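*Asks:* Below you will find the structure I want to go over with you.
2 protein chains.
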Amino acid sequence: MNTPHPSNPAKVLAFDVFGTVVDWHSGIAREVQALCPGVDGSEFALAWRTGYQPAMRRVMSGELGWTLIDDLHRLILEQILEKFGLTDLTETQKQHLNKAWHRLDPWPDVVAGLTRLKSRHTICTLSNGNIGLLTHMAKRAALPWDCILSAEVFRAYKPDPATYLGVARVFNLAPAEVMLVAAHQDDLAAARACGLQTAYIERPAEFGSAHPKDISPNLANTWHAKDLLALADNLGC
Amino acid sequence: MNTPHPSNPAKVLAFDVFGTVVDWHSGIAREVQALCPGVDGSEFALAWRTGYQPAMRRVMSGELGWTLIDDLHRLILEQILEKFGLTDLTETQKQHLNKAWHRLDPWPDVVAGLTRLKSRHTICTLSNGNIGLLTHMAKRAALPWDCILSAEVFRAYKPDPATYLGVARVFNLAPAEVMLVAAHQDDLAAARACGLQTAYIERPAEFGSAHPKDISPNLANTWHAKDLLALADNLGC
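This is the structure we're talking about:
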């Protein structure tokens, strides 16, 4: 289902990463279960991810100074390890587990979809993940970004307008020449409020097959696509 | 000619861009001459580049606020157009000419050299050029960066230590795990003072064949290589 093609095609496509490009739920669940066989990996992954928004709010409120997502992930990890009764992990094991967020696999359509989209657009990340994390992830998973942009560049997390408008400023474009591509309506709404075009990507299994996600379209988005291959079709790539 | 292989190989190779990766002199000279056939393209390119360091000093001294290199290039361009008697260019022509810095060609060894180096290292830019410029250049010239880092990320120009140490911080590494690769001894000396490894690349024609450059080795560098293919040989890539 598509809205009409906008008259002004976006020059830059900026992608949300966790959930939109990579499958964090399966990746984290798999790594936790490999390290701690008795644990429910799915529940552990959901708990870890649930701690993410409150932790970022602590930074944005000023309670914490500017903090990389790697370090926020570690703060949350300490809390949920205790909750799940996993108090005997070594420091090395904890560091390795925390880096599981660097080792997430892309959804099956992603590498082919990005490669097609890159042929006619500049493609970049716009993630709250830090630059090092996004670079390691891209190298491991062969994600063909033209450029890695992050909250770390703008010193603000999404949905702060400084992030969406920052992409336009980096490329010396009007906001309407940039499109945010994301699987989350709140992220897209914040980008739209800044004047960006928006593309919603369905990721019904983002939270695992036991927790299907609402993937209803919002007609306010410029595009609604099943995956990145469908978005490439929509954009004529 | 090589110094011994260091015991601690660098995980990240950060590359200076103008002169080290791309041939700014030929590129600018060619574009100026195409636009203004009567002008000495080589002299124009040298004058434009000569304005670069003083312009950055005006920013770092606080006389100018933080300014992207695209905008510094434009400030300098206005001065040298007058000096070369080219006062009849249209605004569109000036904007196009200013973007010639986005359209520079790599030296012949670069794409193959970077591709080999990328197989065993994370490769990124560390340039005073802005992110948009470096992204456009990489896309046009197929430079396979893992990540584009720039003065724009660190809000400081090289040789400010914040830039060299910023690369280490982004990747959560010790300075000695990062190597600056550059064709300029002053850039390398500043990186070395921050604890980075350094590799000097010979680019004898950086200023044009009429102005050969001193490419004498400095034994303080970790490596001295003819080009990026030789550096890949040195690093076992």
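Here the protein sequences line up with chains R and Y, keeping their order.
When the letters of the first sequence are read in order and numbered with our numbering, they come out as residues 969 to 1205.
When the letters of the second sequence are read in order and numbered with our numbering, they come out as residues 969 to 1205.
Just so you know, even glycine gets a beta-carbon here, dropped at the ideal spot from N, CA and C.
Bear in mind the structure is a predicted one, so any value in this text is a computation, not a measurement.
Give the straight-line distance between the Cα atoms of Asn1140 of chain R and Val989 of chain R, rounded to the nearest whole angstrom.
*Replies:* C-alpha separation (whole angstroms): 25 Å.
*Asks:* Taking Cβ-Cβ distances below 7 Å as the criterion, which residues of the segment 1129 to 1144 of chain Y are in contact with chain R?
*Replies:* Result list: Val1138, Phe1139, Asn1140.
*Asks:* If you draw a straight line from the alpha carbon of Asp1073 of chain R to that of Ser994 of chain R, how long is it in whole angstroms?
*Replies:* Roughly 9 Å between the two C-alpha positions.
*Asks:* At which residues does the beta strand (DSSP E) containing Ser1118 of chain R begin and terminate?
*Replies:* That run of the beta strand (DSSP E) goes 1115 to 1118.
*Asks:* Which one of Y:Trp1075, Y:Pro1185, Y:Ile1091, Y:Thr1093 has the shortest CA to CA distance from Ala1207 of chain Y?
*Replies:* With chain Y running from 969 to 1205 in the structure shown, residue 1207 of chain Y is simply not present.
*Asks:* Hey, Val1149 of chain R and Leu1196 of chain R: beta-carbon distance below 9 Å or not?
*Replies:* The answer is yes: Cβ separation under 9 Å.
*Asks:* Are the segment 1000 to 1009 of chain R and the segment 1105 to 1115 of chain R touching by the rule of at least three beta carbon pairs closer than 8 Å?
*Replies:* Output reads no: the segment 1105 to 1115 of chain R does not touch the segment 1000 to 1009 of chain R.
*Asks:* Could you check which residue in Y:Asn1066, Y:Leu1057, Y:Leu981, Y:Asn1098 has the C-alpha nearest to that of Ala997 of chain Y?
*Replies:* Ranking the options by Cα distance to Ala997 of chain Y, first place goes to Y:Asn1066.
*Asks:* Given this structure, state the Cα-to-Cα distance separating Ala1142 of chain Y from Cys1162 of chain Y, to the nearest angstrom.
*Replies:* If I take the Cα positions, the gap works out to 10 Å.
*Asks:* Would you kindly check if the distance between the Cβ of Val980 of chain R and the Cβ of His1152 of chain R is under 9 Å?
*Replies:* Contact: no.
*Asks:* Could you tell me whether any Cβ in chain Y is nearer than 9 Å to the Cβ of Cys1205 of chain R?
*Replies:* No, because no Cβ of chain Y sits closer than 9 Å to the Cβ of Cys1205 of chain R.
*Asks:* Which whole-angstrom value describes the C-beta separation of Val1138 of chain R and Gly1100 of chain Y, a residue pair presumed to lie in contact below a C-beta threshold of 8 Å?
*Replies:* At roughly 5 Å, the Cβ-Cβ gap stays under 8 Å, so Val1138 of chain R and Gly1100 of chain Y are in contact.
*Asks:* By Cβ distance, which residues of its chain are closer than 7 Å to Arg1026 of chain R, with the 5 residues on each side in sequence left out?
*Replies:* Excluding sequence neighbours, Arg1026 of chain R sits near Leu1032.
*Asks:* Thinking C-alpha only, which one of R:Thr1093, R:Cys1115, R:Glu1170, R:Ala982 is nearest Lys1185 of chain R?
*Replies:* It should be pointed out that residue 1185 of chain R corresponds to Pro in this sequence rather than to Lys. Nearest of R:Thr1093, R:Cys1115, R:Glu1170, R:Ala982 to Pro1185 of chain R, Cα basis: R:Glu1170.
*Asks:* Using CA atoms only, rank isn't needed, just tell me which of R:Leu1036, R:Ser1010, R:Gln1165 is closest to Glu1145 of chain R.
*Replies:* Of R:Leu1036, R:Ser1010, R:Gln1165, the residue nearest in Cα terms is R:Gln1165.
*Asks:* Could you run through the segment 1067 to 1101 of chain Y and flag, in chain order, every residue whose CB is less than 7 Å away from some CB of chain R?
*Replies:* Cβ contacts with chain R: Thr1090, Ile1099, Gly1100.
*Asks:* Determine which residues share a DSSP beta bridge with Ser1095 of chain R and list them.
*Replies:* R:Ser1118, per the DSSP bridge assignment.
*Asks:* So, does the CB of Cys1209 of chain Y fall closer than 9 Å to a CB anywhere in chain R?
*Replies:* Since the first residue of chain Y shown is 969 and the last is 1205, residue 1209 of chain Y is not available in this structure.
*Asks:* Using CA coordinates, which residue listed in R:Trp1034, R:Lys1062, R:Thr1035 is at the minimum distance from Gln1047 of chain R?
*Replies:* The shortest C-alpha separation from Gln1047 of chain R is found at R:Lys1062.
*Asks:* Report yes or no: is there a C-beta of chain R within less than 9 Å of the C-beta of His1104 of chain Y?
*Replies:* Cβ-Cβ to chain R under 9 Å: yes for His1104 of chain Y.
*Asks:* Can you check whether the C-beta of Val1149 of chain R is within less than 9 Å of a C-beta belonging to chain Y?
*Replies:* Taking Cβ atoms only, chain Y never reaches closer than 9 Å to Val1149 of chain R, which makes this a no.
*Asks:* Can you tell me where the alpha helix (DSSP H) holding Trp992 of chain Y begins and where it ends?
*Replies:* Note, Trp992 of chain Y: alpha helix (DSSP H), 992 to 1003.
*Asks:* Put Leu1148 of chain Y into one of helix, strand or coil per three-state DSSP.
*Replies:* Reduced to three states, the DSSP call for Leu1148 of chain Y is strand.
*Asks:* May I ask you to report which of helix, strand or coil DSSP gives Trp1016 of chain Y?
*Replies:* The answer is helix: DSSP assigns Trp1016 of chain Y an H, G or I state.
*Asks:* Which term fits Leu1014 of chain Y, buried or exposed, when burial requires 16 or more other beta carbons within 10 angstroms of its beta carbon?
*Replies:* Buried.
*Asks:* Which first and last residues belong to the alpha helix (DSSP H) in which His1089 of chain Y is found?
*Replies:* Where His1089 of chain Y is concerned, there is no enclosing alpha helix (DSSP H), given that its DSSP letter is neither H nor E.
*Asks:* Chain Y partners of Lys1062 of chain R, CB-CB under 8 Å?
*Replies:* Near Lys1062 of chain R there are no residues of chain Y at all, since even the closest Cβ is about 15 Å away, more than 8 Å.
*Asks:* Cβ of Thr1103 of chain Y within 9 Å of Cβ of Cys1092 of chain R?
*Replies:* Yes.
*Asks:* Hey, Ala1200 of chain Y and Arg1084 of chain Y are a contact pair by Cβ (cut 8 Å); roughly how many whole angstroms apart?
*Replies:* About 4 Å; that satisfies the 8 Å criterion.
*Asks:* Check the C-beta distance from Ala1023 of chain Y over to Leu1043 of chain Y and give it rounded, since I have them as a contact under 8 Å.
*Replies:* Yes, they are in contact, since the Cβ atoms of Ala1023 of chain Y and Leu1043 of chain Y sit about 6 Å apart, within 8 Å.
*Asks:* Check this for me: beta carbons of His1064 of chain R and Met1105 of chain R, under 9 Å apart or not?
*Replies:* No, Cβ-Cβ distance for His1064 of chain R and Met1105 of chain R is not below 9 Å.
*Asks:* What are the residues that DSSP puts in a beta bridge with Phe983 of chain Y?
*Replies:* DSSP, once it has assigned bridges, lists Y:Thr1093, Y:Val1149 as partnering Phe983 of chain Y.
*Asks:* Looking only at its chain, what residues have a beta carbon closer than 8 Å to the beta carbon of Pro972 of chain Y, apart from the 5 residues adjacent to it on each side?
*Replies:* In this prediction, Pro972 of chain Y has a pLDDT of 49, which is less than 50 and means its spatial position is unreliable; nothing more can be read from the coordinates.
*Asks:* Could you say which of Y:His1179, Y:Gly1176, Y:Asn1189 lies nearest to Asp1154 of chain Y if we only look at CA atoms?
*Replies:* Among Y:His1179, Y:Gly1176, Y:Asn1189, the Cα nearest to that of Asp1154 of chain Y belongs to Y:Asn1189.
*Asks:* Quick check on DSSP: helix, strand or coil for Ala1193 of chain Y?
*Replies:* In this structure, Ala1193 of chain Y counts as strand in the three-state DSSP scheme.
*Asks:* Which residues does DSSP pair with Pro1180 of chain Y in a beta bridge?
*Replies:* Answer is none; Pro1180 of chain Y lacks a bridge partner.
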